[in-house]
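In case it helps, our numbering puts the sequence shown at residues 1236 to 1966.
Cβ coordinates follow ideal geometry from the N, Cα and C atoms, glycine included.
Let me begin by presenting the structure, written as structure tokens, before commenting on it.
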Amino acid sequence: MATLIFSTVGTAFGGPIGGMIGSLVGQGVDTAIFGSDRREGPRLQELQVTASTYGQPLPRHFGAMRVAGSIIWATDLIEHSETQGGGKGAPAVTTYSYTANLAVALASRPILGIGRIWADGKLLRGAEGDLKVGGTMRLYTGEGDQPPDPLIASSEGAALCPAYRGLAYVVFEDLDLSEYYNRLPAMTFEVLADESFDLQDVVGELVDAIDAQVPLDGIGGYTADGPVAQSIETFDLVIPLSVSGNGEALAISHESRGESPVPLPAAAISVEDGDFGGPLGFTRHRLPASQHPVRCLRYFDAARDYLPGIQYASGSPPPGQPRCIELPAALDAEKARALIERASRRIDWTRERMAWRSCELDPAIVPGSTVSVPGVAGAWRVAEWEWRASGVELSLERLPPPGAIGTPGLKADSGRANLPADLPTASTELVAFELPLGTANGNADTPHAFVAVSAGSSNWSGAALYADRGDGEMLPLGPSGRTRSTIGAAATRLEPGHPLLFDRERSVEVTLVDPAMSLGPASLRQMAQGANLALLGEEIVQFAKALPLGEGRWELSGFLRGRGGTERAMADHAIGERFVLLDSRLVALDASTLGTSDGRQVLAIGRGDSEPATASILLAGITLRPLAPVHPRHAIRSDGSLHLAWTRRARGAWPWQDGVDVPLVEEAERYLVTLGPLDAPAASWHTQTPELAIAPNVLAQLSAAYPAQPLHVRQQGTHALSAPLLLRPVS
């Protein structure tokens, strides 16, 4: 199989898939919501998907972020085929499925691990590490001693397989693509790079001579895909920084680190033309409001599975088109609201400006220093300086006083999002049984075995079925399908009824395996067409009413009893017996594969099963056994003979459509009439018509020898005798 190898360094995608699809639609909606293209900071990537493009660097991730990654290795899709049936004239059905092998690079620095994985917007991997589809996944965290992946090495050869040291990546082996229309889905990954991080972690890995011990409280993750200066500028928009240097290293600290302002010397007067201040030596003014004020912050909302969120600063909207800060970081809504609120207030305070001239040199007063001005309240920051003949001219910005930009009790809401539920994979439950010959079933000479496969929650995608003939060997039966059957157990006992009457008096309560499952009512017309057919214990019933009692418990009433010739099971009901809704969700089994041993059973293995689910299957011959005759009649004729008669029934001929007679399913019409015990009859007769005449002398002899002994009739079928019908005592 040809192998497709992608570049080791592919496209870096820092953000998750957003809710907007398509660049034109995205741009239009983006403009309508956020305004025009006026932004501060790197643009948040919300429409990126996993890809592989040569020439772009992989990003560095810090904390916890949701990222797309880049495909660095893949093979062609692998086709799997499975053929079922084909025995004894049945058609063979071949199903095809596809899996993929691929490697996805996540980060260009080591990480601690990964959490959830999304594929086409649905969870591929849960927070507990459980894959929601078939396949295996291996993670390489990017350490310097990580080995090559064995799958890639076996495909490319050990000599050509890189270990990708320093690169965090994942390898998927035999990833089932049936959930994704047999194609590679667009995947995003929750990268857990660090337990905690600060600004030093972001910039210190690439620049040695820097000290940036600035805490990033409330910021749970950050993606850096550009130069160090870009990261510093981005954080400075929301966390004002102060920068200083001593010639050997650059020091970055929080602007409000609490240091005492350096007092400025008295202002120096200048008489030069064009100099500011005149005899005062300083000027003070307030800048006009910006035509593009910073009013909103875009970020990745951790509470919404890292989908992009936006928060606005409070207050009346200012004139002009607002700007939006783009922060490629993961945080919650309240932290984002606090950051944009403080940034907006800080910008408003810094509109207060002052120009100050000094003739004295103080090494502590440099750009970035916090100073106090003689006779002027508050603290100021040195934004710029200029050395001139008349002195050092300082440009000052007003700093907010303590508490002026605080946001105590500020509330924010992430908004509503339709997030995929991370449900644990449900374990498989199944019931195996044999059903009578149905009207639509074709072969009357083969047992009709079925299995109902289900699970306790909707987070279940089917199971692989196997047959154990009693020798421990597992023979594949094929997949169960993804649709769950409705199964449960009886919580009360159903009392015996009459198979020929509509039972309005009796009821039974059943508990379904999943409380979310439901049962519905059916009219008599619908029941006549086969609605609400269920297997309860060994009896097949139909129910007209289904009353929910809560927590998956239902009360069923309005019965048609003994359907499909199962009237003899009406007296054998018990609490805890199986309940199966007989509908199209059942899986038909090949009886020849099940074997003939009494220890045979059906097994099912799904992704949520630590051990196979098992169910024994009896195959007692209910499909092949003729139905017992009905409507016994007897009469003593004028010559003294006993005339016996009955009505034949046929397997699978449940509707009486022509009103005349049912078709003959057996090879020939034959009956066995016996006198006395069934296992040791005193006398027996064979007849090919549904009647028998016993001569007067024979009747007299039998009555004298076997008084009160019963006469029974059974139909002789192709494969077995039917259950007996009591005709009458011999005398």
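Should D1914 be labelled buried (16 or more other beta-carbon atoms within 10 Å of its own) or exposed?
Along the sequence shown, one-based indexing puts residue 1914 at 679. Exposed.
From what residue to what residue does the beta strand (DSSP E) around I1191 run?
An answer regarding residue 1191 cannot be provided, because it is not within the stretch 1236 to 1966 covered by the chain.
Once DSSP output is grouped into helix, strand and coil, what is the label at N1653?
As a working mapping, residue 1653 is identified with position 418 in the sequence shown. For N1653, the three-state secondary structure derived from DSSP is coil.
Are the beta-carbon atoms belonging to L1629 and W1622 less than 8 Å from one another?
Mapped onto the sequence shown, residue 1629 falls at position 394. Mapped onto the sequence shown, residue 1622 falls at position 387. Contact: no.
How would you call S1271, buried or exposed, if buried means at least 16 neighbouring beta carbons within 10 angstroms?
Taking the first residue of the sequence shown as 1, we reach residue 1271 at position 36. At S1271 the pLDDT is 39, less than 50, meaning the model places this residue with poor confidence and gives no usable figure here.
Boundaries (first-last residue) of the beta strand (DSSP E) holding A1614:
Here residue 1614 is taken as the residue at index 379 of the sequence shown, counted from 1. First-last of the beta strand (DSSP E) with A1614: A1614 to R1623.
Run through DSSP, which three-state label would M1805 get?
Taking the sequence shown and counting its residues from 1, the one referred to as residue 1805 is at position 570. Here M1805 sits in coil by DSSP.
Taking the C-alpha atoms as reference points, what is the distance between F1668 and D1365?
On the sequence shown, residue 1668 is found 433 positions in, with the first residue counted as 1. On the sequence shown, residue 1365 is found 130 positions in, with the first residue counted as 1. Going by the C-alpha atoms only, they are around 32 Å apart.
Out of A1309, A1855, E1468 and A1342, which one is the CA nearest neighbour of E1391?
Walking along the sequence shown from the start, residue 1391 turns up at place 156. E1391 has its Cα closest to that of A1309, out of A1309, A1855, E1468 and A1342.
Around the C-beta of A1415, are 16 or more other C-beta atoms found within 10 angstroms, so that it is buried, or is it exposed?
For the purposes of this step, residue 1415 is identified with residue 180 of the sequence shown, where counting begins at 1. The sequence given here places Tyr at residue 1415; Ala does not occur at that position. With 16 or more other Cβ atoms within 10 Å, it is buried.
For P1711, three-class secondary structure by DSSP:
Counting from one through the sequence shown, the residue named residue 1711 turns up at place 476. Strand at P1711.
Inter-residue spacing [alpha-carbon to alpha-carbon] between G1707 and L1853
By one-based count along the sequence shown, residue 1707 stands at place 472. By one-based count along the sequence shown, residue 1853 stands at place 618. Taking the straight line joining both Cα atoms gives about 17 Å.
6 Å CB neighbourhood of S1689 in its chain, flanking five on each side removed
Within the sequence shown, residue 1689 is the residue found at index 454, counting from 1. Once the five neighbours on either side are set aside, the close Cβ partners of S1689 are E1664, R1719, S1720, I1722 and V1748.
Cβ pair count under 8 Å reaching 3, the segment 1434-1450 against the segment 1391-1409
The count of Cβ pairs closer than 8 Å, one atom from the segment 1434-1450 and one from the segment 1391-1409, stays below three, leaving the stretches out of contact.
Hey, out of P1602, T1727, A1823 and S1305, whose CA is closest to L1419's CA?
Mapped onto the sequence shown, residue 1419 falls at position 184. Among P1602, T1727, A1823 and S1305, the Cα nearest to that of L1419 belongs to S1305.
Which residue from S1466, Y1541 and A1656 puts its Cα closest to that of K1357?
Position 122 of the sequence shown holds residue 1357. Out of S1466, Y1541 and A1656, A1656 has the C-alpha closest to the C-alpha of K1357.
Taking the alpha carbon of R1835 as the point to measure from, which residue in P1635, S1792, A1880 and A1826 has its own alpha carbon closest?
Along the sequence shown, one-based indexing puts residue 1835 at 600. A1826 is the residue among P1635, S1792, A1880 and A1826 whose C-alpha sits nearest the C-alpha of R1835.
From G1697 to H1527, what does the alpha carbon distance come to, in whole angstroms?
Residue mapping note: residue 1697 aligns to position 462 of the sequence shown, counting from 1. Residue mapping note: residue 1527 aligns to position 292 of the sequence shown, counting from 1. Distance between the alpha carbons of G1697 and H1527: 56 Å.
Among D1433, G1439 and G1456, whose alpha-carbon lies nearest the alpha-carbon of E1425?
As a working mapping, residue 1425 is identified with position 190 in the sequence shown. Comparing Cα positions, the closest option is G1456.
Between the CA atoms of A1863 and L1956 - distance to the nearest angstrom
Start at 1 with the first residue of the sequence shown, and residue 1956 comes out as number 721. Start at 1 with the first residue of the sequence shown, and residue 1863 comes out as number 628. Answer to the nearest angstrom: the Cα atoms are 9 Å apart.
With three or more beta-carbon pairs closer than 8 Å as the criterion, would you say the segment 1595-1603 touches the segment 1639-1648?
no
Nearest-angstrom Cβ-Cβ length linking G1713 and E1317, presumed shorter than 8 Å:
Taking the first residue of the sequence shown as 1, we reach residue 1713 at position 478. Taking the first residue of the sequence shown as 1, we reach residue 1317 at position 82. Sure, about 6 Å apart at Cβ, within 8 Å.
Please check the pair T1458 and P1543, which I expect to be a contact at CB under 8 Å, by giving their CB distance rounded to whole angstroms.
The residue labelled residue 1458 in the question sits at position 223 within the sequence shown. The residue labelled residue 1543 in the question sits at position 308 within the sequence shown. Contact flag wrong, Cβ pair sits at about 13 Å.
Can you list, in chain order, the residues of its chain with a C-beta nearer than 7 Å to that of S1938? Leave out the 5 residues immediately preceding and following it.
Mapped onto the sequence shown, residue 1938 falls at position 703. Excluding sequence neighbours, S1938 sits near V1965 and S1966.
For V1617 and I1600, which I take to be in contact (beta-carbon distance under 8 Å), what is that distance rounded to the nearest angstrom?
Along the sequence shown, read from residue 1 onward, the residue named residue 1617 stands at position 382. Along the sequence shown, read from residue 1 onward, the residue named residue 1600 stands at position 365. Between I1600 and V1617 the Cβ distance is about 6 Å, and since that is below 8 Å, they are a contact.
Would you mind listing the beta strand (DSSP E) stretches within the segment 1523-1561 that are 3+ residues and don't spill past its ends, in chain order?
1529-1536 and 1542-1547
Give a yes or no on whether the C-beta atoms belonging to E1774 and M1805 are separated by under 8 Å.
For this step, residue 1774 is matched to residue 539 along the sequence shown. For this step, residue 1805 is matched to residue 570 along the sequence shown. Taking 8 Å as the Cβ cut-off, E1774 and M1805 qualify as a contacting pair.
Continuous beta strand (DSSP E) stretch holding S1689: start and end
By one-based count along the sequence shown, residue 1689 stands at place 454. Start and end: H1683 to A1690.
Using the Cβ count rule (16 or more neighbours within 10 Å means buried), how would you classify L1314?
As a working mapping, residue 1314 is identified with position 79 in the sequence shown. Note that residue 1314 is Glu in the sequence shown here, rather than Leu. Exposed, since its Cβ has fewer than 16 Cβ neighbours within 10 Å.
What would DSSP say about Q1761, mapped onto helix, strand or coil?
By 1-based counting over the sequence shown, the position of residue 1761 is 526. Helix.
Got a sec? Which residues, its chain only, sit under 6 Å from E1902 by beta carbon, not counting five neighbours each side?
By one-based count along the sequence shown, residue 1902 stands at place 667. Excluding positions up to five away in sequence, the list reads T1953.
Between A1486 and the rest of its own chain, which residues show a CB-CB distance below 6 Å, the 5 nearest in sequence each way excluded?
Position 251 of the sequence shown holds residue 1486. Closer than 6 Å at Cβ, skipping near neighbours: D1446 and S1479.
Residues that L1877 bridges to, as DSSP identifies them:
Stepping through the sequence shown from its first residue, residue 1877 is reached at position 642. L1877 pairs with I1871 and I1929.
Min CB distance L1927 to chain D below 8 Å:
Going by chain labels, chain D is absent from the structure shown, which holds only one protein chain.
Please work out which residues of its chain come closer than 6 Å, Cβ to Cβ, to D1429, disregarding the five sequence neighbours upstream and downstream, and give them in chain order.
Stepping through the sequence shown from its first residue, residue 1429 is reached at position 194. Once the five neighbours on either side are set aside, the close Cβ partners of D1429 are F1297 and G1298.
Mapping the DSSP letters down to three states, classify G1834 as helix, strand or coil.
Numbered from 1 along the sequence shown, position 599 holds the residue referred to as residue 1834. It is coil, neither helix nor strand.
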